[in-house]
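FYI, this note's numbering numbers position 51 of the sequence shown as 64, with every residue one higher than the one before it.
Let me begin by presenting the structure, written as structure tokens, before commenting on it.
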Amino acid sequence: MIDAPPDAVKLLAKRILDTGYEDLPARERHVLERVARRLAVSRDVNASFEENRSFGERLADRIASFGGSWTFIMLFGLAVLLWIIVNSVLLYRWGSGPFDPYPFILLNLFLSMVAALQAPVIMMSQNRQAAKDRLQAGHDYEVNLKAEIEIMALHEKMDELRQKDLKELIRSIEASQRLP
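This is the structure in structure tokens:
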């Protein structure tokens, strides 16, 4: 945390209060109160988001994570290839006819069912990720706002110090001009 001088923070807080503290949105008021109390605004939003997920949401996220992986694609491709080999080659050699002959209508039905189930699960996971991103963006805004307030306080303190130094410099120049 930037350690701005307390008097600069007080001056900034007074200026903000004079401009209508009550009219500010709740998020900005929260940040200003944290600045005034010299408290941190940052927190782990990922941990709080993860704690509030239900069993179904955790399951959907795991399914979506697996369904969007190379492992799933390879296993799925292998399963389709095995289905085709068993139905096209092996069952003819063993003398029985295939249970799903070419054009593999039963396989197409299973593929359609997997896609029909997987799409909403992935969309649920994406919606939760979007909510998590919005939460993170809001937190980033709060941290950036606090940093901006702290920087403004530091600028005010630097301006005060510069004014003080200029006054002392002017006094010393005037004093040296009075000397014979």
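Note that the Cβ used here is the ideal one computed from N, Cα and C, for glycine as well.
Discussion item. Here's the rule: buried if 16 or more other CB atoms are within 10 angstroms of the residue's CB, otherwise exposed. What is Leu45?
Written reply: For the purposes of this step, residue 45 is identified with residue 32 of the sequence shown, where counting begins at 1. With 16 or more Cβ atoms within 10 Å of its Cβ, Leu45 is classed as buried.
Practice prompt. Look at Arg42 and Lys159 and say whether their C-beta atoms are less than 9 Å apart.
Written response: Here residue 42 refers to the residue found at position 29 when the sequence shown is read from its first residue. Here residue 159 refers to the residue found at position 146 when the sequence shown is read from its first residue. No, the pair does not count as a contact, with Cβ atoms beyond the cut-off.
Practice prompt. Along the alpha helix (DSSP H) that carries Leu119, what are the first and last residues, could you check?
Written response: Within the sequence shown, numbered from 1, the residue matching residue 119 stands at position 106. Looking at the DSSP string, the run of the alpha helix (DSSP H) that includes Leu119 is 118-191.
Worksheet item: Whole-angstrom Cβ separation of Val58 and His152, contact assumed at under 8 Å?
Response: Taking the sequence shown and counting its residues from 1, one reaches residue 58 at position 45. Taking the sequence shown and counting its residues from 1, one reaches residue 152 at position 139. Contact holds; Cβ gap of about 5 Å.
Discussion item. For Ser82 and Ala128, I'd like the C-alpha separation in whole angstroms.
Written reply: Here residue 82 refers to the residue found at position 69 of the sequence shown. Here residue 128 refers to the residue found at position 115 of the sequence shown. Computed Cα separation, rounded: 15 Å.
Fill in: Cα-Cα separation, Glu142 to Gly80
Numbered from its first residue, the sequence shown carries residue 142 at position 129. Numbered from its first residue, the sequence shown carries residue 80 at position 67. It should be pointed out that residue 142 corresponds to Gln in this sequence rather than to Glu. When rounded, the separation of the alpha-carbon atoms in Gln142 and Gly80 is 16 Å.
Fill in: Reduced DSSP category for Met14 - H, G, I as helix; E, B as strand; rest coil
Residue 14 sits at position 1 when you count from the first residue of the sequence shown. For Met14, the pLDDT reaches just 41, beneath the cut-off of 50, and the residue's location in the model is therefore unreliable, leaving the point undetermined.
Worksheet item: Exposed or buried, what is Ser109 when buried is set at 16 or more other beta-carbons lying within 10 Å of its beta-carbon?
Response: Locating residue 109 in the sequence shown gives position 96, counting from the first residue. Label assigned to Ser109: exposed.
Worksheet entry | Pick from Glu187, Val99, Ala39, Glu163 that is closest to Tyr115, judged by C-alpha positions | Here the question's residue 115 lines up with position 102 in the sequence shown. The residue with the shortest Cα to Cα distance from Tyr115 is Val99.
Worksheet item: Among Arg50, Asp74, Glu63, which residue has its Cα nearest to the Cα of Val10?
Response: This structure cannot speak to residue 10, because the chain is shown only from 14 to 193.
Item to complete: Measure from the alpha carbon of Arg40 to the alpha carbon of each residue in Trp96, Asn157, Asp146, then state which is nearest.
Response: Here residue 40 is taken as the residue at index 27 of the sequence shown, counted from 1. With distances taken between Cα atoms, Arg40 lies closest to Asn157.
Worksheet item: Should Ser125 and Ile76 be called a contact, given that it needs their Cβ atoms to be closer than 9 Å?
Response: On the sequence shown, position 112 is the one that residue 125 refers to. On the sequence shown, position 63 is the one that residue 76 refers to. No, Cβ-Cβ distance for Ser125 and Ile76 is not below 9 Å.
Worksheet item: What do you get for Ala17, buried or exposed, if any count of 16 or more other CB atoms within 10 angstroms of its CB means buried?
Response: For this step, residue 17 is matched to residue 4 along the sequence shown. Interpretation of Ala17 is limited by its pLDDT of 49, a score under 50 that renders its predicted location unreliable; the figure taken from the coordinates is listed afterwards. Buried: at least 16 other Cβ atoms inside 10 Å.
Fill in: Three-state secondary structure assigned by DSSP to Asp72
As a first step, residue 72 is located in the sequence shown; it is residue number 59 there, counting from the start. One detail in the question is off: residue 72 reads as Leu in this sequence, not Asp. Helix at Leu72.
Item to complete: Would you give the residue range spanned by the alpha helix (DSSP H) that Val102 belongs to?
Response: What you label residue 102 is simply residue 89 of the sequence shown in a count that begins at 1. Where Val102 is concerned, there is no enclosing alpha helix (DSSP H), given that its DSSP letter is neither H nor E.
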